[in-house]
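Since the structure comes first, as structure tokens, the remarks are kept for the end.
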Amino acid sequence: MGEQRSGDDGAKLRFIVDAMLGDLARWLRMLGYDTIYDRNMPDWKQLEIAAEQGRILLTRDRGLYIRARKRGIRSLLVHGDNIVDRLYTVAKTFKLRLEIDPDNTRCPLCNTPLRRVDKSEVRGRVPPKVYERHDTFWICSGCGQVYWRGGHWRGIIATLEEVKRRMGQRSRATSPTQTR
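And the structure:
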């Protein structure tokens with residue numbers, strides 16, 4: 015758990031994402047990629063962090079992209095008006111693994127690795143019906159958010175399936191009702 019996620023080529027990938035790509039940051043985190051995102055972070059700070067930590071800068075801002083390239087910072091100018099287009103662009107460029115492994119994922123809100131917990135630990139922290147219907151839960155030790163494979167899981171899988179279809183990949187998605 016908490017291992018550094020790599021692309022299919024084995025390279026360790028860490029990202030920093032600009033203010034215009036918050037949705038992409040959340041998806042990269044769910045996929046297990048260490049992704050810094052702060053919508054209030056100034057451009058100069060993003061460049062500084064990318065350079066110091068060897069992160070890939072993902073941006074929709076052409077000026078920021080050009081400044082990053084001039085400084086030798088690995089970066090990508092991300093196009094697309096929806097998450098499927100954006101994920102496709104990043105996944106194709108960096109050979110991302112498009113599988114969510116809940117035991118090796120990060121909190122979409124704060125980027126902290128999630129940890130699987132015993133069901134008893136979430137009693138009173140999730141709605142009673144969720145507690146009754148689900149046996150597997152994860153908690154973010156950073157912000158305390160609780161996660162489970164709920165009704166939203168089908169939408170997550172459908173989005174990843176569409177990106178894979180565009181990339182010509184065969185699906186290895188797990189059933190929305192399957193627990194690990």
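So the number in the working numbering is just where the residue sits in the sequence shown, counting from 1, plus 14. Idealized CB from N, CA, C, for every residue including glycine.
**OP:** Could you pull the start and end residues of the beta strand (DSSP E) that Trp-152 belongs to?
**Re:** Trp-152 -> beta strand (DSSP E) spans 151–154.
Original post:
Hey, how far is the Cα of Glu-17 from the Cα of Gly-46?
Top reply: In this prediction, Glu-17 has a pLDDT of 45, which is less than 50 and means its spatial position is unreliable; what the coordinates show is noted afterwards. In a straight line, the C-alpha of Glu-17 is about 9 Å away from that of Gly-46.
**OP:** Take Cys-157 and list the residues in its own chain whose beta-carbon comes closer than 8 Å to its own, dropping the five residues that flank it on each side.
**Re:** Correct list, in chain order: Cys-121, Leu-123, Cys-124, Thr-126.
Subject >> Contacting residues, own chain, Cβ-Cβ under 8 Å from Met-34 (five flanking each side not counted) >> reply: Here the set comprises Thr-73, Arg-74, Asp-75.
**OP:** Would you kindly report the start and end of the unbroken beta strand (DSSP E) that includes Ile-195?
**Re:** Nothing can be reported for residue 195: it is not among the residues displayed for the chain, which extend from 15 to 194.
Subject >> Contact between the region 162–169 and the region 143–150 (3+ Cβ pairs under 8 Å) >> reply: These segments touch.
Original post:
From Ile-87 to Ala-65, what does the alpha carbon distance come to, in whole angstroms?
Top reply: Taking the straight line joining both Cα atoms gives about 6 Å.
**OP:** Please name the residue in Asp-57, Tyr-102, Tyr-79 whose C-alpha comes closest to that of Arg-180.
**Re:** Of Asp-57, Tyr-102, Tyr-79, the smallest CA-CA separation from Arg-180 is found for Tyr-102.
Original post:
With a CB to CB cut of under 6 Å and the five nearest residues on each side skipped, what residues in its chain are close to Thr-107?
Top reply: In its chain, beyond the 5 residues on either side, Leu-90 have a beta carbon closer than 6 Å to the beta carbon of Thr-107.
**OP:** Could I get the ranges of all uninterrupted beta strand (DSSP E) runs contained in the region 74–153, with 3 residues as the minimum, in chain order?
**Re:** Whole beta strand (DSSP E) segments, 3+ residues: 89–91, 128–131.
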